[in-house]
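Q:
Numbering (the numbering used here), first residue to last: 3 to 252.
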């Protein structure tokens with residue numbers, strides 16, 4: 003957040019470096035958690051996926067059971083028609099009627115066979131899907147246990163670091179209030195683009211403490227004067243001298 007009163011370049015540099023020190027401490031705390039938050043999120047996504055698969059399979063089983071019911075009804079209806087046509091055969095008056103009735107009996111017989119085949123196929127599908135469900139259920143049980151363990155481990159670490167992190171975040175917010183928006187945005191952008199999270203670096207052995215590129219003597223002298231904000235020509239990090247870093251109290 004921008005401030006109403008103008009502050010010196012030296013004050014800006016100290017505020018930036020203080021923010022960097024706080025952010026580095028927060029990074030270190032969060033690194034203790036390692037990959038656990040991501041592992042927990044991945045397990046949660048996997049469990050959702052497994053549950054969705056089980057729901058889809060159960061819906062498929064329900065559909066197959068409905069298909070079986072429909073085909074059983076077709077068999078009953080077809081057999082009823084066969085009996086009807088067989089009874090009518092006793093009263094036929096000519097060969098044409100006889101052949102027509104036999105044709106209908108044959109058609110209904112084929113319908114019975116087709117329906118029985120569809121029932122068997124659906125029953126086979128149901129058994130296969132039930133075996134698949136058992137496999138997924140076993141896998142789901144293992145994933146739920148893994149998630150429980152990972153969450154327990156993560157909760158323990160969070161509990162151990164939560165108080166310190168809260169204090170650091172409060173200090174960070176306070177430190178950020180004296181830094182103008184332009185500088186804060188630039189600092190956050192640099193931090194987000196580098197692996198080590200260093201947006202403000204000290205000069206270490208005549209080199210940038212962020213990327214370790216050599217800094218010319220004249221530029222080092224300019225940095226020590228603290229008259230303007232200077233950045234590393236190689237990585238863009240804001241540079242501060244060692245003495246300033248020592249003067250910043252956290």
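Beta carbons are placed, not taken as given, at the ideal position from N, Cα and C, and that holds for glycine.
#1: With DSSP collapsed to three states, give me the class of residue 10.
#2: Would you give the residue range spanned by the alpha helix (DSSP H) that residue 72 belongs to?
#3: Since residue 212 and residue 234 are thought to touch, with beta carbons under 8 Å apart, how far apart are those beta carbons, to the nearest angstrom?
#4: Going by DSSP, what residue range makes up the beta strand (DSSP E) through residue 203?
#5: What did DSSP end up calling residue 3 once you bin it into helix, strand or coil?
#6: Name the DSSP beta bridge partners of residue 26, please?
#7: For the pair the region 48–60 and the region 133–146, tell me if three or more CB-CB distances fall below 8 Å.
#8: Using only alpha-carbon positions, find the residue among 177, 236, 180, 183 that is nearest to residue 203.
#9: Using CA coordinates, which residue listed in 155, 98, 243 is at the minimum distance from residue 227?
#10: Which same chain residues end up closer than 7 Å to residue 19 when comparing Cβ atoms and leaving out the 5 residues on each side of it in sequence?
#11: Please report the distance separating the alpha-carbon of residue 120 from that of residue 144.
#12: Whole angstroms is fine: what's the gap from residue 139's alpha carbon to residue 129's?
#13: For residue 33, decide whether its Cβ has a neighbour in chain B, counting only Cβ atoms nearer than 9 Å.
#14: Please classify residue 124 as buried or exposed, where buried requires at least 16 other C-beta atoms within 10 Å of its C-beta.
A: The short version:
#1: coil
#2: 38–90
#3: Between residue 234 and residue 212 the Cβ distance is about 7 Å, and since that is below 8 Å, they are a contact.
#4: 202–206
#5: Confidence at residue 3 is low in this model, with a pLDDT of 41, below 50, so its placement is unreliable and the value that follows should be read with caution. Coil, per DSSP.
#6: Paired residues: none, contrary to the question.
#7: yes
#8: Taking only the C-alpha atoms, the option nearest residue 203 is 236.
#9: Per the Cα distances, 243.
#10: Shown here for residue 19: same chain residues with a beta carbon closer than 7 Å to its own, the five before and five after excluded, namely 202, 242, 246, 247, 250 in chain order.
#11: 36 Å
#12: The alpha-carbon atoms of residue 139 and residue 129 are separated by roughly 15 Å.
#13: Absent from the structure is chain B; it holds one protein chain and no more.
#14: buried
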